[in-house]
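> I am attaching a structure below and will ask some questions about it afterwards.
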Amino acid sequence: MAALKSYLGIEYKNLLCMDIVCHGVPSPKVFRDYIKYQSSKMKKPITNVDFRNKKSYGWAGHVETITTDGGRKKDSCLYTMLFYQHKILRPVCYVCPYKGLMHPGDLTIADYWGIDKALPGFSDNKGVSLVLVNTHKGNDVLELAKHQSTIEAIETDINKSMQPPLKEPFKEPANRDLFWADYQQNGFEYIAKKYAGKSWTWVVKYRIKKILMDLHLYKVTK
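Residue numbers for the sequence shown follow the working numbering, beginning at 1158 and rising by one.
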């Protein structure tokens, strides 16, 4: 977004720029090898990956569901666990200048993690979106959308729910070089077992959390 604006050099009235709150960009090689690994385990080509199966686990449950060519499904947190360890993020992510409240777009969108801190009781675990208004143009468009759609827009105090990417980049893990050395020497299956060997426990945890949320015994606080 910043590159586009720098290239154009001037503001265009008919150009609306929208960016996102980005957790980080993982290595495409890791994802390709993950698909090959799961395909080998399931003995079928993978045709679809749902990175957040909200239907079965809710918005707060980060469980990926893999579907094969024959329609077989498998729930997993292997890729999720690797992602949240931040070892597979691109090096530039650790020094990203756009981790903060200041964004180059007219509007910034994201999942509203921390909604229960800013607006207790609002989340239904189906998903709440965060929209940050950065310019007058962005505000005009949002106001127009509020009147021409069925969205429910509520103003909240973002300072009560500052998710990490709105503060600063994630720190580079101390053992990232070791992770990649292990990867290059031993392949994906090795690092899957060494660094995410207990990922199945996350699936169980998120399944229990979804049940508790359905019973209104647990709040989304991520």
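Glycine included, each C-beta is placed from N, C-alpha and C at the ideal position.
In chain order, what are the residue ranges of uninterrupted beta strand (DSSP E) at least 3 long that sit wholly in the segment 1259 to 1346?
The qualifying runs are 1264 to 1268, 1286 to 1290.
> Do you know how far the Cα of R1209 is from the Cα of A1363?
The question names Ala, but residue 1363 is Tyr in the sequence shown. For Y1363 and R1209, the distance between alpha carbons rounds to 11 Å.
> Beta-carbon within less than 6 Å of I1232's beta-carbon, same chain only, minus the 5 sequence neighbours each way: which residues are those?
The question names Ile, yet the displayed sequence has Asp at residue 1232. Hits under 6 Å: V1220, T1222, V1360.
> Quick one: what does DSSP say L1165 is sitting in, helix, strand or coil?
Helix, per DSSP.
> Are there 16 or more other CB atoms within 10 angstroms of the CB of K1283, so buried, or fewer, so exposed?
Its Cβ having fewer than 16 others within 10 Å, K1283 is exposed.
> Flag this pair as yes or no: are the beta carbons of T1313 and N1291 separated by less than 8 Å?
Cβ distance not < 8 Å, so T1313 and N1291 don't count as in contact.
> Using CA atoms only, rank isn't needed, just tell me which of G1257, I1365, F1240 is closest to L1323.
Of the candidates G1257, I1365, F1240, the one whose C-alpha sits nearest the C-alpha of L1323 is G1257.
> Around the Cβ of Y1169, are there at least 16 other Cβ atoms within 10 angstroms (buried) or fewer (exposed)?
Exposed.
> Look up N1205 in the DSSP assignment and give the residues it is bridged to.
In the DSSP output, where bridge partners are listed per residue, N1205 has T1224.
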